[in-house]
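Everything in the sequence shown is counted per the numbering used here, starting at 1113 for the first residue and increasing by one. Even glycine gets a Cβ: it sits at the ideal position worked out from N, Cα and C. Just so it is clear, the structure is predicted and the values come from calculations on it, not from any experiment.
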Amino acid sequence: MLKNYDVGIIGGGIVGLAGAIYSGRLGLKCIVFADELFGTLAKTDIVENYPGFKKISGKELTKKFLEHAKEYDNKFVEKRVDKIIKNNNGFKLCVKNKCYNVKSLILATGSNWKKLNVSGEKAFLNKGVHYCALCDGPLYKNKIVAVIGSGDSASKEALLLSNYAKQVYIIARKKFHPEKINLEKIKKNKKIKIYEGIEIKEIIGKQFVNSILLTKKINDKYVLNLNGIFIDVGMVSNSKLAKLIGVKLNNKKEIKIDKESRTNIKYVYSAGDCANTKFKQAITGVGEVVKAVYSAYEDLK
Ligand SMILES: Cc1cc2nc3c(=O)[nH]c(=O)nc-3n(C[C@H](O)[C@H](O)[C@H](O)COP(=O)(O)OP(=O)(O)OC[C@H]3O[C@@H](n4cnc5c(N)ncnc54)[C@H](O)[C@@H]3O)c2cc1C
1113 MLKNYDVGII GGGIVGLAGA IYSGRLGLKC IVFADELFGT LAKTDIVENY
1163 PGFKKISGKE LTKKFLEHAK EYDNKFVEKR VDKIIKNNNG FKLCVKNKCY
1213 NVKSLILATG SNWKKLNVSG EKAFLNKGVH YCALCDGPLY KNKIVAVIGS
1263 GDSASKEALL LSNYAKQVYI IARKKFHPEK INLEKIKKNK KIKIYEGIEI
1313 KEIIGKQFVN SILLTKKIND KYVLNLNGIF IDVGMVSNSK LAKLIGVKLN
1363 NKKEIKIDKE SRTNIKYVYS AGDCANTKFK QAITGVGEVV KAVYSAYEDL
1413 K
């Protein structure tokens, strides 16, 4: 006989883990599925805006969430859910050939890095093209790199890379607009140079990347020589599973939720980077998942 869980959470990032903490506190029997435990936040170096922690690494913060979630009777399955079957009693969440019954479902599946979609991006993946400075930055000791992006996460990636590389270019398609505090840090950092209003036309190399072709000149040239680029042009909601069970998405493929984190399908909730909320931060996602768990608790009653 399959065990019945009150709540199934798909996602083991900070948001899914926070959901497990609240489920545990409310006495809901909860199972968490994580393709990659800790998720995106664990791939950022320093977090300085999570209330209660002046400065903590993303990995350490998410580890604290896991430790807290393990205080309760939650089950963790570190595998990818590849199928959801809806039935009269709730949902079957299937991992390879094994399925788990849950009465309610919280989708905290996060997002994936957006691609630039330029020539060379695929061919040089991990050969000079990267999406995560914490993961791959140490490969660029005393080298020249560029961060492609204009938001706050691009600024954080550039600051981290400046610990390794001898030169870091930030290339923003429009205006570079990080948080003021990070902009100030960047302005003081002699290794980082900002270029705005420039797009990448092509990533060029032989075995590894050696340059990029730009739409506007830098140092009087359209070709900028470098060793690596880190692409940070936003994220795309990981909502494929949601779509398969009929959950409504917006035109950015984000899962539509109401102010209590309910989706259009009864007993299905969502929170965090995969949902259609404007401000995507750990704390906002955590707030949304708390609402999702309370809603599930109310609906199951
Ligand atoms: C460079 C960078 C720096 C950032 N800095 C900050 C910061 O300083 N402060 C801040 O608050 N926020 C920051 N953010 C944003 C923050 O990282 C995200 O808002 C947050 O991590 C979202 O968490 P999440 O749990 O919704 O998604 P994610 O962390 O993406 O987690 C999604 C989870 O779902 C799992 N999953 C997906 N599909 C499946 C499936 N089918 N089966 C099983 N598991 C699945 C994944 O494996 C993962 O465990 C930053 C983001 C970036 C990119």
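### Query
When you compare only the Cα positions, how much space is there between Lys1171 and Lys1155?
7 Å
### Message
Tell me which residue opens and which closes the alpha helix (DSSP H) that Asn1294 is part of.
### Response
1292-1300
#### Entry: Environment of Gly1139 [buried if 16+ CB atoms lie within 10 Å]
exposed
### Lys1211 - partner residues in DSSP beta bridges
Note on identity: in this sequence residue 1211 is Cys, with Lys being the wrong assignment. In the DSSP output, where bridge partners are listed per residue, Cys1211 has Cys1206.
### Task
Report all residues from its chain with a CB closer than 7 Å to the CB of Ile1367; omit the five preceding and five following residues, and keep chain order.
If the five residues before and after Ile1367 are omitted, its C-beta is found closer than 7 Å to the C-beta atoms of Leu1219, Ser1349, Ser1351, Ala1354, Val1359, Leu1361, Thr1375, Ser1382, Cys1386, Ala1387, Asn1388, all from its own chain and listed in chain order.
### Message
Would you say the beta carbon of Ile1292 is closer than 8 Å to some non-hydrogen atom of ligand 1?
### Response
Correcting the residue type first, residue 1292 is Lys in the shown sequence and not Ile. False, no ligand heavy atom lies under 8 Å from that Cβ.
### Query
Within 8 Å: the Cβ of Lys1171 and any heavy atom of ligand 1?
no
### Query
In whole angstroms, what is the alpha-carbon distance linking Met1113 and Tyr1212?
Any reading at Met1113 needs caution, since the residue's pLDDT is 46, under 50, leaving its predicted position unreliable; the model's value is listed next. Distance between the alpha carbons of Met1113 and Tyr1212 is about 10 Å.
### Query
Under 9 Å between the Cβ atoms of Asn1301 and Tyr1276?
Taking 9 Å as the Cβ cut-off, Asn1301 and Tyr1276 do not qualify as a contacting pair.
### Query
Ordered along the chain, which non-local residues of its own chain (more than five positions away) have a Cβ less than 8 Å from that of Lys1413?
Within the same chain, no Cβ atom closer than 8 Å to the Cβ of Lys1413 is found once the five residues on either side in sequence are excluded.
### Message
Nearer than 8 Å: is that true of the beta carbon of Ile1306 relative to any heavy atom of ligand 1?
### Response
no
### Query
Three-state secondary structure (DSSP) at Met1113?
Bear in mind that the predicted position of Met1113 carries a pLDDT of just 46, short of 50, making it too unreliable to give a figure here.
### Unbroken alpha helix (DSSP H) run spanning Cys1244, endpoints
For Cys1244, no alpha helix (DSSP H) run applies, since DSSP gives it neither H nor E.
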